[in-house]
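For reference, the structure is listed below as structure tokens.
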Amino acid sequence: MQSNFSAKANYRSEAYRAASGEQSPEFLRDFWREEGVAPIDNRGETILHFLAIHGNVAGLEILDPLNIKDLEITNNSGDTPLHEAARFGKKDMVVMILSKEKYLVFLRNNLGETPLYVAAASGEKEIFTFLANYDFTKLTMRRNDGKTVLHAVVDHEFYDLAIDIVNLYPDIVSIRDDEGMTALNVLATKKLSFRSGSAYLFEEIGKTPSVPVQMVEIIIYFCIPVLFEESKLSDNSSNTRARTKVVPVERSLFINFLLGNSWLQAIDEAKQKHILALILAKMLLENFDWSYTYSVRNPLIQASKLKINELVVEILRIYPEAVETLDEEGRNILHVAVKHKNRFLFDYLVKTVAHKDRILADIDQKGNTILHYAANVGSPFRTSNAEHEEEIWCILSVFMMMWGVLWFKRVKSHVHPRLWDVKNSNGVTAEEIFEENHLHIRKEAEDAIRSLANSALVLATLLCTVNFAAIFTLPGGFDQKTGLPIFLNKLKYELKMMIFYLCAAILSSAVTIGTLLSFMLCKFDTDDFYISLPTRVVIAMVSVFYATTFSVLACVQTLNLDNIFWNKDVWWLIIAMSDFNAKARRRSAAYKAASSGRESLNVLLDFWREEGVAKIDNRGDTILHFLAVNGNIAGFGILDPLSIKDLEIANNSGDTPLHEAARFGKKNMVEMILRKEKDLVFLRNNLGETPLYVAAASGEKEIFTLLANFDFNKLTMKRNDGKNVLHAAVAHDCYALAIDLVNLYPELVNERDNEGMTALNLLATKRLSFRSGSNYLFAEIGKTPSVPIQMIETIIYNCIPPRYIESKLGVNQTQTGTKIVRVERFSFTESLLGNSWLQEIDEAKQKHILALILAKMLVKNYDWSYSTQSVPSPLIQASKLKVDELVVEIVQMHPEAVENLDEKGRNIMHIAAEHKDRFLFDYLLKTVPSKNRMLADIDQQGNTILHYAANVGTPFFTSTTDLTKSNVGTPSSTSTTDHTKSNVGTPFFTSTTDHTRSICCVMAVLMMMWGMLWFNYIKYNLHPRLRDVKNSDGLKAEEIFERNHLRVRKEAETSVRELSNSMLVLSTLLCTINFAAIFTVPGGFEENTGLPILLDKVQQELWMLMFYLGAALFSSVFTMGTLLSFLLCKFYSNDFYISLPTKIIIAIISVFYATAFTILACLQALNLENIFLNKDVWWLIIAVVAVGFIMTLIYIDLAFPVFDYMYYLVSYSFFVSYKK
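Residues 1 to 1220, numbered by the UniProt record's numbering, are exactly what the sequence shown covers, in order.
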């Protein structure tokens, strides 16, 4: 029995070979008579299926008898032999099978696919054309899941066949499958089918592992000629617009031969696929029914998410109203472009969209602005979710941080300032999300930069050492009589070139060392990755490249001087060194016409008569809304008939055309609408906002003045949450309008919203609207990544003349009347301030002036008798956010407010101590009569002001924590673990200890220094009896300080030791080369006396050389001693008060002088050797001055935080009265 089974199996194997043509067809006849349509394999394939797969027509012909039922036999997948023949492109087999029975063409497999569908899915164009001659209906061209043959060819990327199908069956374009997907939806998922999804773009250089290879491939891509061209058909059919023919282009044999290489062939195939995909996209769009995209998947959103820029551009070109499309989360395509850091799409939309301000201001269903999406982790080449950040390490993390900060700031520059601090539904601002998402990456980037800097520092120091030593040991030696180099007269040019190479290598090495040291001392704040760190990285890369190059050139030049090559032509060395979518089109035309001039009025009129107030986009906007947004008076005027009900039509947000006109400041449009019906001014949107409220929130002063002439009461000036127009103007930083509102409606000042907030409460949260919240204060220098730039900006800020001044109204006006007078400035001043950098500073200053004037008016009219625990006092709010100007104004006008306590029983002096607000604390000490009482206050948990000095509870105010609601950092903790949640910081940076994992290296040192200084400063101002007071948990202030700073102190110790090790290597090498240089005096020594030959001739110059060498040697030794003291330090908390800061300053100064005197010694040695031949070497002087200037700026930038600390240490220690 077993032998029979084996014989049968062998028999089937032979039949399989015969079906593929390997054996005589006669064997098939015998097998057919024996087995018939019995399955051969576990797929259920019969001998007929294999004959169809291999196209063995001769084998099929000899099968007798062969009836129709045999040809209807299916395998396990339901495929008949005709399906298989169609799948593998066997046309002769298809013809033969159909000649026996045409009905077989309608049979379906298990998926419901006909042979026509299978041929399309396999890209068999010839088979499809043949089968398409049969009478198919839409149902027979679809399979069970609703996908058509067009879905199939697009899904399998057979775009040339897809183009033919669109021409044959244009109606099939808008057919959707069971998931609502059209062929265009499928194409919108094919990122690699478009050039924007490939690596063949100059904008994408750096995306692949090898940049040079990618650049070569891109150039080749451009040079490859196209194989297909687009040509419109010229038939007289009614749908000629959609009919497009793809014409093959003949290429020369030589080009085809070149492109036969597998590497070039891959590039060629990619380019041709991109061309066909783009042609198909245009055809699908021309025949697409865009009106059906509101409730199903939208191709525009799909393409935007996958960065298929060509498809997005084509969609917006044909259907410009599609830019208003929102996805299922309420995001527009600008949100999507920003989230995925799509530079091209973002720039394209900002440049081309008519009302970009509207889509920039969109907020999604979760309350996220476009800036929230810009906080996503990634680069233009790679985006990553925060949960995948563990995969991002080393150098990639540096690029992620740099691109993240650059992209965030770029998007921020396009967004209105009122949206910068908007919180989403989770109560988080965009900056908070950015910091949270990039926390781990910033730490990885810092570690990567420091590791690379340590390695590069060793290389740069060694290069500097060998080149410095080479200057004192010139080839050929020195003349025993004159002391000058022997080669100076023989090979003067060659010797000068060698010295030039050595000097260039030394200067490049010195710049590299200084730059690398700046990495070691960098604070690695988020803003450092914007300009400061990338600039330093570039400088370090360029300088180390030149240092290496000039060292190699100096070596080669030395070999030439030594005649190593025997005057031969060393060419080898030189080489070694070089039709149903008419409705959609009508809507697109109307959308364009709404933003156009008089030339498109007929289009608008036709659309109005046909569509009326039909919705154009999925926001629910009508043509009236777009006319209002663009202020198209002419277009609005020709719409007839136009009823009041039409003007009352609202979009999905409840906004009428009047709301939109008021929002975008279209005064003429507002007037025209109100002439038709004045009652429209009282209509509200979903938030309960009237057009007047919208105008106030948008800062449209003219529109507000116009609408204010109507009879409004207090109810109509408020929206649903109780906020009035004054709240809106203040919330959106429209301070000029807010000042007018206070003059017009002084009663609005004390009105509260549903949360009990007044306009003054809102203004107290606007820290960036006041100078104290900006970087333009001399007291805040050191807060930004670059100290020199911040100093320049602060000086410019002080020099800019104000644009607004305050002027009181006449005596007949109310006591609150204040007029803002605009000051005319010189045209020269205006032209200077037209620069974008200076313009930003100017706008900030004018904003600060207006905010301060408004603050005075609000404080003057504020009712301080209203007090409740549920509503924070404006004074407390301003104190927590360091809005010092507002605190001063409140204390000056209402001195009794200084006694206010917050919900925890803290006064504003407690808050100033907690946030290390130096200005506010000193101000209160000088001006408040009852300062002793405030200093002695104890809060509800038994904490004194000294407890808060040890326990700073909020992060720095440019970061992301919500200070007004944060509960972290309370000194009253119940355990050691709880105490670690308190905050530590400097006056420039404060952070919760939950985030101390990100506080390391130099920042940790500054945190400890400022922590000790601030704690001792508060301690000196406090009565001695309060220093040992315990809180409700039985803890003293010093105990809390030690616990809270435990981790920071450990990080500071580690960073100081690491920096000391690196600096010790540098100072030791500097000491070594200067020590060696003393024993190798230029010119050599006399044989008789042993004295330097140049001692009698150039005694002054030689003495200066020895002075420079001695000073450099002394400074190096001094640096080494100071650095050794770091390694032996105990690192107690008190060491960070005076001892360590003093040693750090000594080390910084001494290493600076050691480096400077070493360079001067090098130049003096060259002068002694008469390398310059007593000529005016102006170029060298300029080079030395430039390098010295750059090095000085670097040292100022690095050393300023420590010098600033020492300034305040001396100030607090010697100029503050001690309270006994």
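All C-beta atoms in this analysis are idealised placements derived from N, C-alpha and C, irrespective of residue type, glycine included.
query, result
"Contact check, Glu648 vs Leu680 under 8 Å by CB: the rounded distance?", "7 Å"
"In three-state terms, what does DSSP make of Phe682?", "helix"
"First and last residue of the alpha helix (DSSP H) that includes Ser198?", "No alpha helix (DSSP H) holds Ser198; DSSP gives it neither H nor E."
"When you compare only the Cα positions, how much space is there between Asp160 and Leu276?", "6 Å"
"Just to confirm the assignment: which complete alpha helix (DSSP H) runs, minimum length 4, are found wholly within the region 395 to 471?", "430 to 437 and 439 to 471"
"With distance defined between alpha-carbon atoms, name the residue in Asn133, Leu187 and Phe519 nearest to Tyr169.", "Asn133"
"I'd like the ranges of any alpha helix (DSSP H) spanning at least 4 consecutive residues and lying wholly in the region 110 to 149.", "115 to 121 and 125 to 131"
"Could you name the residues of the same chain whose beta carbon sits closer than 7 Å to that of Tyr1208, not counting the 5 residues immediately before and after it, in chain order?", "Leu1013"
"Please identify the residue among Leu935, Ala708 and Ala52 whose C-alpha is closest to the C-alpha of Asp70.", "Ala52"
"Residues in the same chain with beta-carbon distance under 6 Å from Gly146, minus the five sequence neighbours each way, listed in chain order, please.", "Asp177 and Asp178"
"Please classify residue 1222: does DSSP put it in a helix, a strand, or coil?", "Any property of residue 1222 remains undetermined from this structure, which presents the chain solely from 1 to 1220."
"In this structure, how does DSSP classify Pro248 when only helix, strand and coil are distinguished?", "strand"
"For Arg752, verify whether its CB is less than 6 Å away from any heavy atom of the ligand COA.", "As for the ligand COA, it is missing from this structure, which has no ligand bound."
"Under 8 Å: do the region 1092 to 1107 and the region 1131 to 1143 share three or more Cβ pairs, one atom per stretch?", "no"
"Taking three-plus beta-carbon pairs below 8 Å as touching, is the region 748 to 762 in contact with the region 499 to 512?", "no"
"How many angstroms separate the CA atom of Glu700 from the CA atom of Ala662?", "7 Å"
"According to DSSP, which residues form a beta bridge with Phe228?", "Pro248"
"Let me check one thing: in DSSP terms, what residues is Tyr804 bridge-paired to?", "Arg822"
"In the DSSP assignment, find the unbroken beta strand (DSSP E) run with Gly378 in it and report its ends.", "Val377 to Ser379"
"Using the three-state DSSP reduction, which class does Val871 fall into: helix, strand or coil?", "strand"
"Tell me which residue opens and which closes the alpha helix (DSSP H) that Leu187 is part of.", "Ala183 to Leu187"
"For Thr1072, which residues from the same chain have a beta carbon less than 8 Å from its beta carbon, with the 5 sequence-adjacent residues on both sides left out?", "Thr465"
"Compare the Cα-Cα distances from Lys819 to each of Ser831, Tyr1153, Tyr804 and Phe826 and report the closest residue.", "Tyr804"
"Quick one, which of Leu48, Thr182 and Ser509 has its alpha-carbon nearest Ile1159's?", "Ser509"
"Let's test the definition: count the other Cβ atoms within 10 Å of the Cβ of Thr240 and tell me whether it reaches 16, buried, or not, exposed.", "The pLDDT assigned to Thr240 is 44, lower than 50, so where the model puts this residue is not dependable; a value taken from the coordinates is nonetheless given after this. Counting Cβ neighbours within 10 Å, Thr240 comes out exposed, since fewer than 16 surround it."
"Could you compute how far the alpha carbon of Leu1109 sits from the alpha carbon of Ala1161?", "6 Å"
"With a threshold of 7 Å between beta-carbons, can Leu1209 be considered close to chain C, or not?", "No chain C appears in the structure shown, which is made up of a single protein chain."
"Rounded to whole angstroms, how far is the Cβ of Val1005 from the Cβ of Ala949, which I believe are closer than 8 Å?", "Val1005 to Ala949, Cβ: 19 Å. No contact."
"Apart from the five residues on each side of it in sequence, which residues of its chain come closer than 8 Å, Cβ to Cβ, to Glu677?", "Ile644 and Leu647"
"Does the structure place the region 1026 to 1037 close enough to the region 1074 to 1089 that three or more beta carbon pairs sit under 8 Å?", "no"
"Is the region 791 to 798 touching the region 910 to 921 in the sense that three or more CB pairs, one from each, lie closer than 8 Å?", "no"
"In terms of alpha-carbon separation, which member of Lys125, Ile318 and Leu334 lies closest to Thr325?", "Leu334"
"Give the straight-line distance between the Cα atoms of Ala120 and Ser210, rounded to the nearest whole angstrom.", "38 Å"
"Which residue comes first and which comes last in the alpha helix (DSSP H) that contains Pro1141?", "Ser1139 to Leu1168"
"Do you know offhand how far Ala18's Cα is from Arg108's?", "28 Å"
"Which residues does DSSP pair with Asn1092 in a beta bridge?", "Before going further, note that residue 1092 is Pro rather than Asn in the sequence given. BP columns for Pro1092 point to Phe1085."
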